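Beneath this line is the structure, given in structure tokens, with notes to follow.
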Ligand code: C5P
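In this note's numbering, the protein residues as written are 27 to 345.
Structure below.
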């Protein structure tokens, strides 16, 4: 489609989206439910190298470490893993894969390529069983949103999906990143199941992302976009891509920017159809994707055929 070709070139615009999606985006802009106040400066038009250096200078992965209130008084210093997320692989990882849950990955036969990476990141409840040919079967890290921990349908406490992997959870906090406010009124209460899970599985690395990290990523997207983006947190996909860029020397992202297989099928493992899953309504997803496309060093053909973007790690960026 014309839209896809524009997206691959990196110059798609929300004005090309279905009016229903545009209307939803405008509603989120005026609702501003997380109290976002952008104080940064726009720096649109940065080159790939400039963007990479800006990211390297700014992106600091942070997880709750139990040193700040209210968590300090709740004994979280002893509850969180002793080894920080950034130090699990002290010498860094070489090549990593980020596998989105998009329906477009069906019939891709990317499984073998995905499993050949040193580490593989997946999202939420995306399964591998039964889909190995297209998505592979290795999982190193899983990013989960707070609904996974709280919605009984996911069986978070005992499902094997969440075992034997590094877990990284997050929940939309106020833009102010006031931890007391957030603790009292999270979007979904992930704190109780987190404590329960940590007690039962003390040896499994399991972190909660710090709201400052989430909103720092949002600031970076807004800074590098001419238009006003939705004042809501970036998608798990963007969070995962940036996390892996800090941990790995090279990051291969699959079906984030859609391939020729683009479909309205939201997830490869569900029948639900909604174009918002790929193009965004709540999350500033289209803007995230345009930013990621600007960083892409992969081949044109890989983008079209595999939906693959190749990104350099931030440690190696020469600035
Ligand atoms: O829907 P969910 O958040 O679990 O999917 C994981 C991530 O994959 C999303 O946050 C989004 O970045 C990406 N995704 C996508 N297109 C889809 C479905 C998911 O880009 N159709």
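Don't be surprised by glycine CBs; every beta carbon is placed ideally from N, CA and C. Just so we're clear, the structure is a prediction, and the values are computed from it rather than from any experiment.
Original post:
Along the chain, where does the beta strand (DSSP E) that runs through residue 146 open and close?
Top reply: If you look at residue 146, you'll find it in the beta strand (DSSP E) that goes 145-149.
Original post:
Can you tell which of 323, 315 and 298 has the C-alpha that lies nearest to the C-alpha of residue 30?
Top reply: It is 315 whose Cα lies nearest to the Cα of residue 30.
Subject >> Contact check, residue 248 vs residue 310, beta carbons under 9 Å >> reply: Here residue 248 is near residue 310, since their CB atoms are less than 9 Å apart.
Subject >> In DSSP terms, what residue 171 is bridged to >> reply: Partner(s): 196.
Original post:
Any heavy atom of the ligand C5P within a distance shorter than 8 Å of the CB on residue 263?
Top reply: Yes, Cβ of residue 263 sits closer than 8 Å to a heavy atom of the ligand C5P.
Subject >> contact_flag[the region 203-221, the region 132-144] where n(CB pairs < 8 Å) is 3 or more >> reply: Short answer: they don't touch.
Original post:
Taking just the CA atoms, how far does residue 173 sit from residue 339?
Top reply: Computed Cα separation, rounded: 30 Å.
**OP:** Give me the Cα-Cα distance between residue 127 and residue 164, rounded to the nearest whole angstrom.
**Re:** Whole-angstrom Cα-Cα distance: 15 Å.
Original post:
So, helix, strand or coil for residue 59, using DSSP?
Top reply: Three-state result, residue 59: coil.
Original post:
With respect to the beta strand (DSSP E) encompassing residue 119, which residues constitute its N-terminal and C-terminal limits?
Top reply: Membership of residue 119 in the beta strand (DSSP E) is indicated by the continuous run 119-125.
**OP:** Give me the Cα-Cα distance between residue 42 and residue 323, rounded to the nearest whole angstrom.
**Re:** Residue 323 has its alpha-carbon roughly 25 Å from the corresponding atom of residue 42.
**OP:** On the DSSP bridge assignment, give the partners of residue 336 in chain order.
**Re:** According to DSSP, residue pairing for residue 336 in a beta bridge involves 278.
Original post:
Does the beta carbon of residue 293 fall short of 8 Å from some heavy atom of the ligand C5P?
Top reply: Yes, the ligand C5P has a heavy atom inside 8 Å of this Cβ.
Original post:
Helix or strand or just coil, what does DSSP make of residue 89?
Top reply: Strand.
Original post:
Under 9 Å, do residue 205 and residue 40 count as touching if we go by C-beta distance?
Top reply: The Cβ atoms of residue 205 and residue 40 lie no closer than 9 Å to each other.
Subject >> Beta-ladder partner(s) of residue 233, from DSSP >> reply: DSSP, once it has assigned bridges, lists 194 as partnering residue 233.
Original post:
Can you give the Cα-Cα distance for residue 261 and residue 214, rounded to whole angstroms?
Top reply: Approximately 16 Å between the Cα atoms of the pair.
Original post:
Roughly how many angstroms lie between the CA atoms of residue 114 and residue 281, to the nearest whole one?
Top reply: When rounded, the distance between both Cα atoms is 27 Å.
**OP:** Spatial neighbours of residue 244 within its chain, please: CB distance less than 7 Å, with the 5 preceding and 5 following residues excluded, ordered by chain position.
**Re:** Residues 259 and 260 of the same chain have their beta carbon placed closer than 7 Å to that of residue 244, with the five preceding and five following residues left out of the count.
Original post:
From 150, 96 and 160, pick the residue whose C-alpha is nearest to that of residue 179; which is it?
Top reply: Relative to the Cα of residue 179, the nearest Cα in the group 150, 96 and 160 belongs to 150.
**OP:** Please classify residue 293: does DSSP put it in a helix, a strand, or coil?
**Re:** Residue 293 carries a strand assignment under DSSP once its states are collapsed to helix, strand and coil.
Original post:
residue 282: beta carbon under 8 Å from a heavy atom of the ligand C5P?
Top reply: For the ligand C5P, at least one heavy atom lies less than 8 Å from the Cβ of residue 282.
Original post:
Does any heavy atom of the ligand C5P sit closer than 8 Å to the C-beta of residue 176?
Top reply: Flag unset: Cβ of residue 176 not near the ligand C5P.
Original post:
So what does residue 331 bridge to, in DSSP terms?
Top reply: Paired residue(s): none; residue 331 is not in a bridge.
**OP:** Step through the CB atoms of chain C and report whether any lies within less than 9 Å of the CB of residue 317.
**Re:** Although the question refers to chain C, the structure presented lacks it and comprises just one protein chain.
Original post:
Heavy atom of the ligand C5P less than 8 Å from the Cβ of residue 122, yes or no?
Top reply: Within 8 Å of the C-beta of residue 122 there is not a single heavy atom belonging to the ligand C5P.
**OP:** Taking residue 147 as the reference, give the member of 64, 80, 61 and 194 with the closest Cα.
**Re:** Distances from the alpha-carbon of residue 147 to those of 64, 80, 61 and 194 put 194 closest.
Original post:
Going straight from the alpha carbon of residue 15 to that of residue 91, what length do you get?
Top reply: Because residue 15 is not part of the residues shown, which for the chain are 27 to 345, the question remains open.
Original post:
Shortest alpha-carbon distance to residue 305 belongs to which of 296, 119 and 291?
Top reply: Selected option, being the one with the closest Cα: 291.
Original post:
Which same chain residues, not among the five before or five after residue 233, have their C-beta less than 6 Å away from its C-beta?
Top reply: Sequence-distant partners of residue 233 (beyond 5 residues in either direction) whose C-beta falls short of 6 Å from its own C-beta, in its chain, are 89, 111 and 194.
Original post:
Using the C-alpha atoms, what's the distance from residue 231 back to residue 109?
Top reply: Those two C-alpha atoms are separated by around 8 Å.
Original post:
Buried or exposed: which applies to residue 76, given that a residue is buried once 16 or more other Cβ atoms fall within 10 Å of its Cβ?
Top reply: It is exposed - the Cβ of residue 76 has fewer than 16 other Cβ atoms within 10 Å.
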